[in-house]
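Asker:
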Amino acid sequence: MTIKDHKYLLILIAVASFLFFFKVGDMALTDPDETFYAQTAKEMLAADEWTTPLIFGQPQFEKPIFYYWLILISYKLFGVSEFSARLPSVVFGILGILGVYSLGRLMFSKLCGFISGLITATCVEYVMVSRGCVTDMVLTTAVLFCLLFFLLGW
7 MTIKDHKYLL
17 ILIAVASFLF
27 FFKVGDMALT
37 DPDETFYAQT
47 AKEMLAADEW
57 TTPLIFGQPQ
67 FEKPIFYYWL
77 ILISYKLFGV
87 SEFSARLPSV
97 VFGILGILGV
107 YSLGRLMFSK
117 LCGFISGLIT
127 ATCVEYVMVS
137 RGCVTDMVLT
147 TAVLFCLLFF
157 LLGW
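Numbering-wise, the working numbering comes out as the position in the sequence shown, counting from 1, plus 6.
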């Protein structure tokens with residue numbers, strides 16, 4: 007396989023990476039949900055607590071722990087910052103674009119997958135959610151891959 011065989015995929019990864027990573031850590035955490043998730047992961051990191059989400063020293067089980075684990079891993083790798091808090095959503099946003107491409111390619115053609123991925127990657131709401139420290143992108147991508155794998159197994 008050559009680069010030419012994967013040109014659509016490489017273009018999508020480049021476009022999505024630029025849109026989702028560009029200055030993602032420059033803006034402060036502004037949404038109340040962003041601060042909630044980032045602070046919870048920060049407290050879990052400080053307490054070295056990987057099993058119970060903590061906010062202001064108290065356990066909270068409002069959301070599944072997987073998203074906090076992703077932020078914790080990001081904090082461990084890159085330190086506590088706006089960038090590392092948002093990194094899991096950015097990565098899952100890019101994976102979502104790859105999932106849309108794969109779904110379009112599986113059902114129709116490479117070109118259809120490419121156009122579908124490009125349209126998704128440039129949708130304002132998709133970009134905004136991919137750049138925020140919120141659970142939505144992880145959930146969306148997980149559901150997308152469930153559908154993709156269902157179709158692959160069909």
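Note that beta-carbon positions come from the ideal geometry of N, C-alpha and C, so glycine has one too.
Restricting to Cα atoms, I'd like to know which of 153, 88, 134 and 69 is closest to residue 106.
Answerer: Ranking the options by Cα distance to residue 106, first place goes to 153.
Asker: Pick from 20, 115, 53 and 72: whose alpha carbon is nearest that of residue 140?
Answerer: The option with the nearest alpha carbon to residue 140 is 72.
Asker: Do residue 22 and residue 100 have their beta-carbon atoms positioned less than 8 Å apart in this structure?
Answerer: Taking 8 Å as the Cβ cut-off, residue 100 and residue 22 qualify as a contacting pair.
Asker: Rounded to whole angstroms, what is the Cα-Cα separation between residue 36 and residue 89?
Answerer: Cα to Cα, residue 36 sits roughly 13 Å from residue 89.
Asker: Just to confirm, are residue 87 and residue 31 a CB contact at a threshold of 8 Å?
Answerer: Yes; because the gap between Cβ atoms is below 8 Å, this pair is in contact.
Asker: Quick one: what does DSSP say residue 45 is sitting in, helix, strand or coil?
Answerer: Three-state result, residue 45: helix.
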